[in-house]
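Trainee: Count along the sequence shown from 1, then add 567; that gives the number in the numbering used here.
Think of the CB as a built atom: it goes at the ideal place given N, C-alpha and C, for glycine as much as any other residue.
What follows is a single structure, and I will ask about it in a moment.
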Amino acid sequence: MSSNYKSLGIRPVINANATLTKLGGSLMPAEVRQAMQDGAQSFVDMHELQQKVGARLAEITRNEAAFVSCGAATGLLLATVACIQKVSGATFESFPNSLGTQNEVIVQRMHRNPYDYAVRQAGASLVEIGTMDGTSLEDLENAYSASTVAIFWFQGAMNQPSELSLENVIQSAKNQGVPVIVDGAAQLPPASNLWNFTQLGADLAIFSGGKDLSGPQVSGLVVGKSEWIERIRLLGAPNHGVGRPMKVGKEEMMGLLAAVERYVSLDHEQLLEVYEQRVRVWIQGLNGKGGLSAKRDYPNEAGQPVPRALVQLPDHWSKDQLVDQLMAGQPAVSVAPSEKLNAILLNPMTVNDEETQIVLKQILKVIH
Ligand SMILES: *Cc1c(COP(=O)(O)O)cnc(C)c1O
């Protein structure tokens with residue numbers, strides 16, 4: 568018996584799309600896999616491991632404290648529960664049955680996105696402020712009540728210049744004694760975001776371990792104030808609280824630690840040059856071929872400071888048709904359809920140089 572993808576009849580996918588959970592997120596480099604393998608070879612005290620890994624992660628990311636969650640989504644959920652408990656007095660054991668009305672989380676209307684489900688899953692009721700066109704300080708000041716437990720800030724493609732800025736939100740929240748939590752799940756690079764949000768005054772910042780950090784898929788990193796991290800730790804496994812169904816293994820904790828250590832030591836400037844080069848290969852190889860028009864696009868879909876190639880299609884091709892045909896090809900290639908244009912987008916972060924060429928070849932093959 569061999570337990571590999573091929574034995575299941577599953578074809579590997581070349582990912583020129585993004586660090587998407589539906590494609591498996593990202594690939595773990597050798598040092599991460601090694602740390603997971605080493606971690607798998609002995610039993611440990613899991614309370615101690617979470618604390619010591621957290622202390623090391625805090626040091627590396629220049630934060631007071633850190634916690635390894637089961638994906639960033641669990642970080643959002645446990646952070647929300649911690650905030651609800653602090654204000655409502657709901658105990659560890661009585662949650663969620665004791666949930667009352669002191670559960671309001673303020674969020675800007677334009678920041679609403681599918682991941683805020685994890686905040687609502689914690690029993691929070693979202694209090695939306697502003698409109699899709701903008702948010703004012705007054706909107707925020709009018710939203711506070713005795714039931715306010717936190718303000719959530721979502722960082723990503725949802726951000727717009729007309730939003731109430733994070734600086735303003737933090738300043739106002741401080742005056743009210745309300746914690747600010749930043750969902751920065753996909754906001755790496757830049758690596759400095761590991762400390763930027765919290766240095767700006769956010770109480771907690773939450774990152775996905777399985778996106779550009781290239782740690783284990785089921786890992787997430789929560790960094791911030793010790794008080795909050797302590798509350799979150801209590802809620803998580805191996806304790807029998809709300810976080811018990813979302814446990815993180817010893818292997819994932821060690822894998823995430825290795826991934827973050829690696830990430831902060833990478834030469835991100837050089838990496839950016841590699842990405843620029845891949846984008847140039849795509850643009851030069853595709854522009855003008857079969858009616859295609861290719862150019863550099865920046866920043867990318869997650870708002871990361873990384874280029875991608877925008878390839879506009881001739882009228883007789885629809886983007887969905889091309890996306891489907893590339894995925895059905897041999898090998899399968901995943902690319903992103905543009906939201907607004909009849910175009911596809913090619914992301915250099917999730918391919919290697921050889922795959923960059925394969926993506927180019929497959930597109931040329933399909934459109935001819
Ligand atoms: C990816 C993402 C998440 C979820 O991260 P996981 O690690 O997959 O749980 C949450 N919020 C945003 C904005 C994201 O992009």
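Jot down the residue ranges of each uninterrupted beta strand (DSSP E) in the stretch 720 to 791, minimum 3 residues, whole runs only, in chain order.
Mentor: List check, beta strand (DSSP E) in window: 747 to 750, 771 to 775, 787 to 791.
Trainee: Determine the burial state of H678: buried for a count of at least 16 other Cβ atoms within 10 Å of its Cβ, exposed for fewer.
Mentor: Locating residue 678 in the sequence shown gives position 111, where the first residue counts as 1. Label assigned to H678: buried.
Trainee: Are the Cβ atoms of E695 and V716 separated by less than 8 Å?
Mentor: Taking the first residue of the sequence shown as 1, we reach residue 695 at position 128. Taking the first residue of the sequence shown as 1, we reach residue 716 at position 149. Contact: no.
Trainee: Nearest to L931 by alpha carbon, out of N867, G855, K862?
Mentor: For this step, residue 931 is matched to residue 364 along the sequence shown. Checked all of N867, G855, K862; the closest Cα to L931 is G855.
Trainee: Taking the alpha carbon of Q766 as the point to measure from, which residue in P579, G592, A625, G857 has its own alpha carbon closest?
Mentor: The residue given as residue 766 occupies position 199 in the sequence shown. Nearest option by C-alpha distance: A625.
Trainee: Any C-beta of chain D sitting closer than 8 Å to the C-beta of G777?
Mentor: Protein chains in the displayed structure number just one, and chain D is not present.
Trainee: Just reading off the beta strand (DSSP E) that V674 is part of, what are its end residues?
Mentor: For the purposes of this step, residue 674 is identified with residue 107 of the sequence shown, where counting begins at 1. Start and end: 671 to 675.
Trainee: Where do the N-terminal and C-terminal ends of the beta strand (DSSP E) with D864 fall, by residue?
Mentor: For the purposes of this step, residue 864 is identified with residue 297 of the sequence shown, where counting begins at 1. First-last of the beta strand (DSSP E) with D864: 860 to 864.
Trainee: Please indicate yes or no: does the CB of S775 lie closer than 7 Å to some heavy atom of ligand 1?
Mentor: Residue 775 sits at position 208 when you count from the first residue of the sequence shown. S775: yes, Cβ under 7 Å from ligand 1.
Trainee: Alpha carbon to alpha carbon, how far is N867 from V599? Give it in angstroms, no decimals.
Mentor: In the sequence shown, residue 599 corresponds to position 32, counting from 1. In the sequence shown, residue 867 corresponds to position 300, counting from 1. Near 26 Å, if we compare the C-alpha coordinates of N867 and V599.
Trainee: If contacts are defined as beta-carbon pairs under 8 Å, then A721 and V672 qualify, I think. What distance do you get, rounded to the angstrom?
Mentor: In the sequence shown, residue 721 corresponds to position 154, counting from 1. In the sequence shown, residue 672 corresponds to position 105, counting from 1. A small fix is needed here, since residue 721 is Phe in this sequence, not Ala. Contact flag wrong, Cβ pair sits at about 12 Å.
Trainee: Count the CB pairs spanning the stretch 846 to 854 and the stretch 644 to 652 that are closer than 8 Å, and state whether there are at least three.
Mentor: Too few Cβ pairs lie closer than 8 Å, so no.
Trainee: I'd like to check one pair, L704 with N735: are the Cβ atoms closer than 8 Å?
Mentor: Within the sequence shown, numbered from 1, the residue matching residue 735 stands at position 168. Within the sequence shown, numbered from 1, the residue matching residue 704 stands at position 137. For N735 and L704, yes; Cβs fall inside 8 Å.
Trainee: Among K907, V900, N914, P915, which has the Cα closest to the Cα of Q929?
Mentor: What you label residue 929 is simply residue 362 of the sequence shown in a count that begins at 1. Comparing Cα-Cα distances from Q929 to each of K907, V900, N914, P915, the minimum goes to V900.
Trainee: Take T668 and list the residues in its own chain whose beta-carbon comes closer than 7 Å to its own, dropping the five residues that flank it on each side.
Mentor: Position 101 of the sequence shown, counted from the start, is the residue given in the question as residue 668. The residues are S714.
Trainee: Please report how far the alpha carbon of Q892 lies from the alpha carbon of V620, in whole angstroms.
Mentor: As a position in the sequence shown, residue 892 is number 325, starting the count at 1. As a position in the sequence shown, residue 620 is number 53, starting the count at 1. So the two alpha carbons sit approximately 44 Å from each other.
Trainee: Among the residues of its own chain, which have a CB less than 7 Å from the CB of G591, if the five just before and after it don't count?
Mentor: For the purposes of this step, residue 591 is identified with residue 24 of the sequence shown, where counting begins at 1. Only Q784 meet the Cβ criterion.
Trainee: Where does the unbroken beta strand (DSSP E) through N582 begin, and where does it stop?
Mentor: On the sequence shown, residue 582 is found 15 positions in, with the first residue counted as 1. Per DSSP, N582 belongs to the beta strand (DSSP E) from 580 to 582.
Trainee: Quick one: what's E695 bridged to in DSSP?
Mentor: Along the sequence shown, read from residue 1 onward, the residue named residue 695 stands at position 128. BP columns for E695 point to V674.
Trainee: For ligand 1, is there any heavy atom lying closer than 7 Å to the beta carbon of N680?
Mentor: Translated into the one-based positions of the sequence shown, residue 680 becomes position 113. Indeed, a heavy atom of ligand 1 lies less than 7 Å from the Cβ.
Trainee: Over the uninterrupted beta strand (DSSP E) stretch that includes L912, give me the two end residues.
Mentor: Counting from one through the sequence shown, the residue named residue 912 turns up at place 345. First-last of the beta strand (DSSP E) with L912: 910 to 913.
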